[in-house]
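Numbering (numbering that gives the first Met the number 0), first residue to last: 0 to 475.
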Amino acid sequence: MTLSLWSVLHLAVLAGVALRLFSRRTSQGTAVAWLLLVVLVPFIGALVYLLIGERRLGRAWMKRAEALRPQVMRWAEAVPPACLASARSLPAGAESVSRLARSAVGIPLMSGHHLQLISDSSSIMQAMIRDIDAACESIHMEFYIWNAGGMVDDLVAALVRAAQRGVRCVTLMDSLGSRPFFKSEAIGHLRTAGVQVVEVLPVNPLRMLFVRFDLRDHRKIMVVDRRIAYTGSMNIADPRFFKQDAGVGEWVDAMARIEGPSAWVLEAVSISLTSLQTGATFSPPPPPDLPPAGEAYVQVFPSGPEWSAVPIDALLLAAIYAARTEVVLTTPYFVPSPALLVAMRSAALRGVRVVLIVPEKIDSRLVRYASDAFNDELLAVGVSIHLFQGGLLHTKSMVIDEEFTVFGTVNLDLRSFELNFEVSIIVYDREFSTATRALQRSYEDRARCLQLEEWRARPRSRRLLENAVQMMSPLL
């Protein structure tokens, strides 16, 4: 009788989760993964589904998002013509990527940029502090992780000095990623000095019942005086002090320092998230009248849950299919969608050199197993996989034919594609692409190239584990 009752309850739980999945548009892989989890561990699986199974941001967020999207599109349509560039001036493949980006998020291709790629964490922090100390009007920062210690304390001190001399300072911090920072003395110093601190997507037990707690603000943006911006992979964390007990070495990052109109576009992107979080009106200041800083073309691509007409992975797919000679990708976490996997394999099969650079050690064992499950089919068609050995390679970059580059905060995994708020810049500039490709080569020099024969010689038990975890990859 007891067994029969448990069986009925099991079937009821499975049917309930299935109905929830079938009542909304869910990808096949994700739906199968959830159903498998509920079959294997019915009650725990159902509880996990209730917590993180749906992209719930809360009714207030969704109402604001519905109202905000047309406002952002109208704002983007009003970008001054002097800042615009024609996609027709780009090579054919890059032109198709630019048109897709414009249709997806409304932000046009813009000219007049000078970019500097900075690949040393200490140099990144020093450059950011210099620009903060030189700020005259405003500083706007949005980062997933703020972690006190080391050079971060120097950056906090610079922000305090800026606020004290009358510069308007706004900082967005993800509630989960920056959780220890909210308990540090540094947060008090910022608030006392007059820095506006916005906690994005607050996490607490009560909210977890109504809002999916692992939808995070993963962006990294700093804008100074609306003319200089930084974006890329680095958090506000000194790698000498951050996650030293994880056993993966120091995190290795890169940031782009941007002068030009994309600076105030990135600020507007961040202001839009402030509006979603606080309910404040979306009203970015009018674009500043600045002379061109350089000749590079840049397009900003924000992404996130319900943010754009197409997800960021559609842009990455278009970029890979546009490649003629070479695609080089760096990412700390590689758990691709089926479409991305097909695009990479197809590129290799049509003669494009495809290079994937990932860290040998990462801070998630499950993600490592899920990632390794794809190695065989990539290596078999000629994709080069390099395992970086100089720490946790955290740079997210894609260089196409050394002609254009996708650079920013997006990892090559389903979490970045579907769940996190992210931001990317598409740089249509050979000089920046060459610099990024040179950085990627320096990563290759510190990496071990994985060989197909070596990989296939791994123990059978390891293969079984990889494939089992990969089945659940949509949930990671």
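For each residue, glycine too, the CB sits at the ideal point set by N, CA and C.
The model shown is predicted, which means the values in this text are computed figures rather than measured ones.
How long is the line joining the alpha carbons of S177 and S88, rounded to whole angstroms? 42 Å
If distances are taken between C-alpha atoms only, which option among A77, D244, L355 and T273 comes closest to L200? T273
Just to confirm my understanding: we take R63, look at its own chain, exclude 5 residues before and 5 after, and list those with CB closer than 8 Å. What are they? S274, L275 and G278
I need the boundaries of the beta strand (DSSP E) containing S363, first residue and last residue. Unbroken run through S363: none, as it is neither H nor E.
Identify whether M0 lies in helix, strand or coil by the three-state DSSP scheme. At M0 the pLDDT is 42, less than 50, meaning the model places this residue with poor confidence; the figure from the coordinates comes in the next sentence. If DSSP states are grouped into helix, strand and coil, M0 belongs with coil.
To which residues of the same chain is S460 closer than 7 Å at the C-beta, ignoring the five residues directly before and after it? none
Inter-stretch contact (C-beta, 8 Å, three-pair minimum) for the stretch 405 to 415 and the stretch 439 to 446: no
Under 9 Å, do S423 and V405 count as touching if we go by C-beta distance? yes
S120 in three-state terms, based on DSSP: helix
Can you confirm whether the stretch 88 to 100 touches the stretch 112 to 128 when touching is taken to mean that 3 or more C-beta pairs between the two stretches lie within less than 8 Å? no
Apart from the five residues just before and just after A84, which ones in its own chain have a Cβ nearer than 7 Å to its Cβ? L108, M109, S110 and Y296
Limits of the beta strand (DSSP E) - the one that Q163 falls within: Where Q163 is concerned, there is no enclosing beta strand (DSSP E), although the alpha helix (DSSP H) it sits in stretches over M150 to Q163.
Helix, strand or coil at H112 according to DSSP, with G and I counted as helix: strand
Beta strand (DSSP E) containing K395: first to last residue? K395 to I399
Go ahead and pull the three-state DSSP assignment for S336. coil
Among residues of its own chain, excluding the 5 on either side of M0, which ones have a beta-carbon nearer than 6 Å to its beta-carbon? Interpretation of M0 is limited by its pLDDT of 42, a score under 50 that renders its predicted location unreliable; the figure taken from the coordinates is listed afterwards. So no residue of the chain qualifies.
Distance check for M172 and A369, CA to CA, integer angstroms please. 29 Å
For the putative contact between K395 and V247, defined by C-beta atoms under 8 Å, what is the C-beta separation to the nearest angstrom? Incorrect: roughly 17 Å between the Cβ atoms, too far for contact.
Once DSSP output is grouped into helix, strand and coil, what is the label at I235? strand
What's the gap between the Cα of K182 and the Cα of R323? 50 Å
Please state if the CB of R256 and the CB of A126 are separated by a distance shorter than 9 Å. yes
Where does the unbroken alpha helix (DSSP H) through E444 begin, and where does it stop? A small correction: the amino acid at residue 444 is Asp; Glu does not occupy that position in the sequence shown. Run containing D444: R429 to D444, per the alpha helix (DSSP H) assignment.
Element boundaries [beta strand (DSSP E), containing P301]: A295 to S302
Nearest-angstrom Cβ-Cβ length linking G193 and A147, presumed shorter than 8 Å: Not a contact, Cβ separation roughly 19 Å.
Tell me which same chain residues have a C-beta within less than 6 Å of the C-beta of I227, skipping the five on either side of it? D130, E258 and A262
Measure how close the beta-carbons of L483 and L315 come, nearest whole angstrom, since I'm counting them as under 8 Å. Summary: the structure shown does not reach residue 483, with the chain confined to residues 0 through 475, and so no result is reported for it.
Considering only residues of the same chain and omitting the five flanking positions on each side of Q450, which have a CB-CB separation below 7 Å? none
Report the option in A134, L214 and L438 whose CA atom is closest to the CA atom of L392. L438
In angstroms with no decimal places, state the Cα-to-Cα distance between E76 and F403. 24 Å
Counting C-beta neighbours from all protein chains within 10 Å, is the total for P331 16 or more, i.e. buried, or is it exposed? buried
Nearest-angstrom Cα separation, counted from T329 out to L116: 15 Å
In chain order, what residues of the same chain lie with their CB nearer than 8 Å to the CB of N374, ignoring the 5 residues before and after it? I384, L449 and W454
Which residues mark the beginning and the end of the beta strand (DSSP E) in which I138 is found? S137 to F142
Please report the distance separating the alpha-carbon of M342 from that of N466. Residue identity check: residue 342 is Ala in the sequence provided, not Met. If I take the Cα positions, the gap works out to 21 Å.
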